[in-house]
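Visitor:
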Amino acid sequence: MKKYLSLVKYEFKTIVKDLMNLFILLYPVLMLFICGYLLPAIVKRAAGSDPNTSAITLLIGFVLLISIGGFMMGAMLGFSLLDNRDENTLLNIAASPVTVSGYATFKIIYTYVLAILGNIFMVGGLKLLASESYVVVYGGVTIGLLDNITYGHIIIFSIVSGLIVPFVALVLGAIAKNKIEGFAMVKGGGLFVMIPMLVLLDSFQGAKQYIFGIFPNFWPIKAILNLSLGTQNAANLDFWLYMLIGAIYPIFLGVIALKMFVKKLT
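Residue numbers (our numbering): 101 to 366.
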């Protein structure tokens, strides 16, 4: 236990020293400010414009908020793994009782916890502070995007959506040669994270929605959107089934990515 407590102290110091990691750690605060205050203020100021534009803007902001949390924490972990690899920290650990797999697992667990807390902070904070601002007209019906989402739903969503962390981090650590390549991968990966946003389009409301099922964040995002928008479609699954698949699939991908990462180091 003491060796892991020492690792916690070491990891915290590493995060604080690196400005990029520190920015990612504070990312939930920035996102809550943008989506909870700035975006609604802009939409309110432009209230005289097309209401459809306002609705789309708020929907995009909401989907961005629920999409990006786990990915950003995974990126932070990936950058940390790249630093460890460049500094030969992992080679030193390989000769210690912790082992590379044990150290990677430790880093995954604490970053996963941060991802959960970050998502709860962002989505729970949005519900607490800006529920009345996230009211849109969707399909001819006025909907409060956060009205049907309970704090219980937010906790379950945060636990499931955070499971993308190991996959993102370990793929980054296994493929990128350095932090510059890693940063380029994160920029490109951000586009893939946002692809599930296309389920908002009418053409992807039915069975075609599952085209996006290859993206691990699709499943928890779709579950939350169904609650938010009150979507009724025969092709939709139950909230808990979306979450179950959304938990199993990224774990499976994470195990594969871990094997890739360890293989690269050995």
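Glycine residues also receive a C-beta, built at the ideal position from the N, C-alpha and C atoms.
Predicted model, so just to flag it, every value in this text is computed and none were measured.
Just checking my contact of L132 with G240 at CB under 8 Å: how many whole Å lie between their CB atoms?
Guide: Not quite, the Cβ-Cβ distance comes to about 30 Å (not below 8 Å), so this is no contact.
Visitor: Please name the residue, chosen from P140, Y137, I160, that lies closest to I295 on a Cα-to-Cα basis.
Guide: For I295, the nearest C-alpha among the options comes from I160.
Visitor: Looking at the unbroken beta strand (DSSP E) that takes in G244, where does it start and where does it end?
Guide: 241 to 244 is the extent of the beta strand (DSSP E) around G244.
Visitor: According to the neighbour-count rule (16 or more other Cβ atoms, all chains shown, within 10 Å of its Cβ), is T211 buried or exposed?
Guide: Result: buried.
Visitor: Could you check whether the Cβ of V265 sits closer than 7 Å to any heavy atom belonging to the ligand SAM?
Guide: Absent from the structure shown: the ligand SAM. Ligands present: none.
Visitor: What do you reckon, are the CB atoms on A204 and F361 nearer than 8 Å?
Guide: Closer than 8 Å, so yes.
Visitor: The alpha helix (DSSP H) with I264 in it runs from where to where?
Guide: Note, I264: alpha helix (DSSP H), 264 to 275.
Visitor: When you compare only the Cα positions, how much space is there between S167 and P266?
Guide: Taking the straight line from one Cα to the other gives about 16 Å.
Visitor: Anyone know if the C-beta pair for N326 and G262 falls short of 8 Å?
Guide: No; because the gap between Cβ atoms is not below 8 Å, this pair is not in contact.
Visitor: For the pair the stretch 267 to 278 and the stretch 165 to 182, tell me if three or more CB-CB distances fall below 8 Å.
Guide: Yes, they touch.
Visitor: Suppose the cutoff is 8 Å on Cβ atoms and the five residues either side in sequence are ignored; what does the same chain contact list for L300 look like?
Guide: Excluding residues within five positions, the ones whose Cβ falls inside 8 Å are L159, V163, L325.
Visitor: State whether the stretch 307 to 322 contacts the stretch 339 to 348, with contact taken as three or more CB pairs (one from each stretch) at a distance under 8 Å.
Guide: The stretch 307 to 322, when compared against the stretch 339 to 348, does touch it at the 8 Å Cβ threshold.
Visitor: Would you report the Cα separation of I264 and I142, rounded to the nearest angstrom?
Guide: Rounded to the nearest angstrom, the two C-alpha atoms are 32 Å apart.
Visitor: Measuring only the C-alpha atoms, how far is T359 from L229?
Guide: Position check: residue 359 holds Lys in this sequence, whereas Thr was assumed. Approximately 42 Å between the Cα atoms of the pair.
Visitor: So, does the CB of L301 fall closer than 8 Å to a CB anywhere in chain B?
Guide: Chain labels in this structure do not include chain B; a single protein chain is all it has.
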